[in-house]
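Numbering (this note's numbering), first residue to last: 65 to 273.
For every residue, glycine included, the Cβ atom is placed at its ideal position computed from N, Cα and C.
First up is the structure itself, then whatever we jot down about it.
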Amino acid sequence: MNLFLTIAVVHLVALLSPGPDFFFVSQTAVSRTRRQAMFGVIGITLGVVVWSALALAGLQLVLQRLAWLERLISIAGGLYLAWMGVKMLRGAIRAPATLAGEPQQVLQQSDWATLRAGLLTNLSNPKVVIYFGSVFSAFLGDGVSAGARWGLWSMVVVETLLWFTVVAGVFALPAMRRGYLRLSRWIDGLAGAVFVAFGLHLIFSKRAV
65 MNLFLTIAVV HLVALLSPGP DFFFVSQTAV SRTRRQAMFG VIGITLGVVV
115 WSALALAGLQ LVLQRLAWLE RLISIAGGLY LAWMGVKMLR GAIRAPATLA
165 GEPQQVLQQS DWATLRAGLL TNLSNPKVVI YFGSVFSAFL GDGVSAGARW
215 GLWSMVVVET LLWFTVVAGV FALPAMRRGY LRLSRWIDGL AGAVFVAFGL
265 HLIFSKRAV
């Protein structure tokens, strides 16, 4: 199988596995505007730009040698995800019933704040750089040119952008929004619990791999 196609398939499978990025985009899309959801998608994509570039530069090897640094990054990322989750849970608990049909505004209000939240959500998970490092080391040998390596980097970035654009589009559909209006407190509470769980996993896991 062609190298580009192989990594594209592997990355798609990884994207299909729900994680903090997926829950962030889906919750933002159903509770706010499609425009704001896309700013969140751009933020997540920028995080992938950073992590995948660092993986190509060999950061995962540094983390393997410096366990304390990996642990520090994991704790910092876990604290951020848990903080996001607590904010969502508090918003769900304190929110009045949505009889008027107004969605809850749990996350930051501005487009740029949503972009920043998406970026930090992705950057807070150091497993991403381990994932990219593992994929690149498994498929990229010494015979792969620098141009091909950065071509693959561009491909996974674009693939990430396209996938989460689809996720944002689906969850921004009117039927999804109507469902959110009926179940907003439960949806926000579930999203908050998921973020807290991811955060605690990063904080208390022995390794970030």
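Contact check for A119 against F196 passes: the beta carbons are separated by less than 8 Å. Contact between L216 and I71 holds, since their C-beta atoms are separated by about 6 Å, short of 8 Å.
The beta carbon of M102 sits closer than 8 Å to those of T229, A232, all from its chain and outside the five residues before and after it, given in chain order. The residue from H75, N66, L69, F68 with its alpha-carbon nearest to that of S198 is H75.
Under the criterion of beta carbons closer than 8 Å, N186 and G122 do not qualify as touching, at roughly 20 Å. Between the stretch 89-107 and the stretch 260-267 there are fewer than three inter-stretch CB-CB distances shorter than 8 Å, so the stretches are not counted as touching. In this structure, A257 and G149 form a Cβ contact; the two beta carbons are roughly 7 Å apart against a cut-off of 8 Å. For a cut-off of 8 Å, the C-beta gap from V208 to V113 is around 20 Å, too long to register as a contact.
Contact check for G104 against L153 fails: the beta carbons are separated by 8 Å or more. Taking each of G142, F88, P82, G107 in turn and checking the Cα distance to S269, the smallest one comes out for G142.
Here G211 is exposed. Its C-beta has fewer than 16 other C-beta atoms within 10 Å.
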